[in-house]
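**Student:**
Numbering (the UniProt record's numbering), first residue to last: 1 to 578.
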């Protein structure tokens with residue numbers, strides 16, 4: 001007779017987890033085969049649910065599924081847009097991975113499920129066992145807000161959390177490995193769950209160059225698209241992929257590893273009381289000279305609460321201690337400031353370089369929507385980058401990656417990797433109408449879409465809505481767009497140059513103005529694509545689309561909402577927003 005093992009009380013599990021796991025093991029061993037029998041215990045079914053705006057959560061879901069298969073689980077990956085709260089009642093084990101975007105909002109594919117779960121009439125889920133993994137960036141006020149809300153709401157509806165929620169701040173790898181270990185220990189076979197938690201399965205189709213191993217690419221061109229007199233600097237960047245084997249599709253993004261501004265790094269080192277050649281630890285690998293560590297490995301542009309607190313602990317300055325002791329004052333102080341500010345403002349000196357870098361976040365790659373078709377530009381990838389530059393608290397502030405790319409010299413390589421975004425794909429139906437809405441740098445993927453449709457010889461109608469400040473100075477890709485209008489590739493082109501008249505006009509205004517034609521394109525099977533700012537533009541454009549459907553379709557507010565939701569569900573309304 002086979003005796004079931006049990007989880008001791010001193011094991012690193014909660015009481016509920018230990019009880020569940022002991023029950024699982026008891027059932028497993030009660031039905032265990034006698035010696036010599038070849039049958040194995042039935043695999044544990046697990047549903048992996050992802051909410052993804054740029055594809056990271058979907059990629060992690062696939063990685064999670066591979067790991068769970070190694071621990072006697074039977075995983076099924078589902079897009080959040082495919083499920084309702086009622087569907088969750090039929091699931092026993094749920095692992096939920098989601099990002100947060102905009103101002104603490106769910107990704108597009110998670111919005112319907114999130115709203116339904118938060119609604120007053122959401123069903124009880126007492127038979128559901130779950131765990132949540134969140135993707136976010138703590139430099140934003142609403143860090144991992146979406147994952148927190150899912151985690152709390154599932155618990156409130158009676159579901160049992162079998163492993164604590166973990167949140168990834170920037171690069172998800174370490175936090176994901178920790179979370180994976182926890183869920184495997186509960187869901188997989190206890191005998192090998194922890195040991196196999198971070199084992200990577202070899203992939204025959206894995207690209208040579210990845211985020212962990214970026215390609216040192218040659219910068220071919222950086223050109224300011226704005227004309228003299230503009231308040232902006234929007235750079236068209238061309239990068240060679242020759243020799244990399246990197247492939248991409250329109251709608252994908254390019255990951256770029258930036259370098260911090262040399263003058264800023266020098267100022268921080270001097271203000272902190274060090275010399276550039278002193279050694280300092282880096283996130284991975286052996287110690288490096290402090291200048292190299294701060295230039296290549298740490299984010300020194302944005303001031304965070306942890307760094308402010310570290311400064312307060314080292315300083316005797318009463319004002320700094322008062323700021324650090326008050327949450328509201330701390331948040332007010334860090335707004336618009338960088339790492340150098342408290343060091344200079346309060347003359348903070350650090351005893352060792354370790355004290356300086358310990359509170360810092362790693363310098364992560366930035367993602368940029370690709371503005372080229374690989375068919376139109378073989379061996380190249382193009383970006384459209386708005387250079388961030390502004391004055392705040394008496395200092396000139398520069399965007400880390402935008403200034404790095406805009407000012408980069410062509411004799412130095414740029415470290416890049418490809419980020420697939422399956423949630424933002426140009427339709428393969430070459431006869432379908434396409435409506436592309438992209439003000440400012442949001443035009444980037446639509447330059448790529450139009451190049452792709454041109455190369456394909458697609459016959460479907462194309463409508464581009466573009467906006468910026470002034471037509472004379474801010475008409476990005478004007479020559480190319482003009483040529484497309486003449487050739488007929490662009491069926492319709494509407495602009496909204498907001499400051500060329502007394503009353504500001506935006507792309508959303510053009511949608512409502514042309515509601516009849518907009519709705520007609522949708523009725524013909526058209527697709528809507530939006531790219532740009534998530535917090536304001538995307539919301540205003542969405543409201544305008546609903547209004548256009550109401551006006552031109554003769555629908556009520558509820559009917560228009562249902563119509564737009566149907567577009568989203570059928571993947572005919574896609575957004576690349578940030």
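No residue lacks a Cβ here, since even glycine has one placed at the ideal position from N, Cα and C.
(1) To the nearest angstrom, how far is the alpha carbon of residue 282 from that of residue 354?
(2) Taking the continuous alpha helix (DSSP H) assigned at residue 584, which residues delimit it?
(3) Does the region 386-403 come into contact with the region 491-499, if we say contact requires no fewer than three beta-carbon pairs (one atom in each stretch) closer than 8 angstroms?
(4) Could you tell me the boundaries of the alpha helix (DSSP H) in which residue 449 lies?
(5) Closer than 7 angstroms by C-beta to residue 357: which residues in its own chain qualify, once you throw out the five before and the five after it? Chain order, please.
(6) Which residues in the same chain have their Cβ closer than 7 angstroms to the Cβ of residue 253, if we skip the five residues on either side of it in sequence?
(7) With distances taken Cα to Cα, identify the nearest neighbour of residue 135 among 98, 393, 102.
(8) Determine the burial state of residue 390: buried for a count of at least 16 other Cβ atoms within 10 Å of its Cβ, exposed for fewer.
(9) For the structure I just gave you, are there three or more beta carbon pairs, one from the region 80-87 and one from the region 109-116, closer than 8 angstroms?
(10) Where does residue 580 sit, in a helix, a strand or coil, going by DSSP?
(11) What does the alpha-carbon distance come out to for the pair residue 570 and residue 216?
(12) Which one or two residues does DSSP pair with residue 217 in a beta bridge?
(13) Do the region 374-389 and the region 336-350 meet, that is, are 3 or more Cβ pairs less than 8 angstroms apart?
(14) Can you tell me whether residue 506 is helix, strand or coil according to DSSP?
(15) Taking residue 395 as part of the beta strand (DSSP E), name the residues at either end of that continuous run.
(16) Just list the residues that DSSP pairs residue 369 with in beta bridges.
(17) Return the chain-ordered list of same chain residues with a C-beta closer than 7 angstroms to the C-beta of residue 551, the five sequence neighbours on each side being excluded.
(18) Kindly indicate the opening and closing residues of the alpha helix (DSSP H) around residue 150.
(19) Using 8 angstroms as the cut-off, can you tell me whether the region 535-555 makes contact with the region 446-456, which would need three or more C-beta pairs spanning the two stretches below that distance?
(20) Which residues does DSSP pair with residue 463 in a beta bridge?
(21) Answer with buried or exposed for residue 479, where buried requires no fewer than 16 other C-beta atoms within 10 angstroms of its C-beta.
(22) Once you ignore the five residues that flank residue 229 on each side, which residues in its own chain have a CB closer than 6 angstroms to its CB?
(23) Around the Cβ of residue 260, are there at least 16 other Cβ atoms within 10 angstroms (buried) or fewer (exposed)?
(24) Could you compute how far the alpha carbon of residue 414 sits from the alpha carbon of residue 384?
(25) Which whole-angstrom value is the C-beta distance of residue 424 and residue 574, which I expect to be below 8 angstroms?
(26) Give the range of the beta strand (DSSP E) segment to which residue 79 is assigned.
(27) Give the secondary structure of residue 578 by DSSP, where H, G and I count as helix, E and B as strand, and everything else as coil.
(28) Straight-line CA distance for residue 304 to residue 448?
(29) For residue 296, name the three-state secondary structure that DSSP assigns.
(30) Leaving out five residues on either side along the sequence, give the residues of the same chain with a beta carbon under 7 angstroms from the beta carbon of residue 432.
(31) Tell me whether residue 92 is buried or exposed, calling it buried when 16 or more other Cβ atoms sit within 10 Å of its Cβ.
(32) To which residues of the same chain is residue 160 closer than 6 angstroms at the C-beta, ignoring the five residues directly before and after it?
(33) Distance check for residue 233 and residue 441, CA to CA, integer angstroms please.
(34) Can you tell which of 107, 445, 156 has its C-alpha closest to the C-alpha of residue 121?
(35) Looking at the C-beta of residue 456, does it have a partner C-beta in chain C at a distance below 8 angstroms?
(36) Identify, in the order they occur along the chain, each residue of the same chain with its Cβ nearer than 6 angstroms to the Cβ of residue 317, setting aside the five sequence neighbours on each side.
**Tutor:** From the atom records:
(1) 9 angstroms
(2) Residue 584 cannot be examined here, being either before or after the span of the chain that is shown, 1 to 578.
(3) no
(4) 444-456
(5) 280, 281, 293, 298
(6) 54, 367, 368, 369, 370, 419, 421
(7) 98
(8) exposed
(9) yes
(10) Because the chain here runs from 1 to 578, residue 580 falls outside it and cannot be looked at.
(11) 39 angstroms
(12) 414
(13) no
(14) coil
(15) 395-398
(16) 253
(17) 515
(18) 145-156
(19) no
(20) 435, 492
(21) exposed
(22) 473
(23) buried
(24) 16 angstroms
(25) 5 angstroms
(26) 73-79
(27) coil
(28) 36 angstroms
(29) helix
(30) 460, 525, 526, 527
(31) exposed
(32) 129
(33) 11 angstroms
(34) 156
(35) Among the protein chains of the structure shown there is no chain C, as only one such chain exists.
(36) 346
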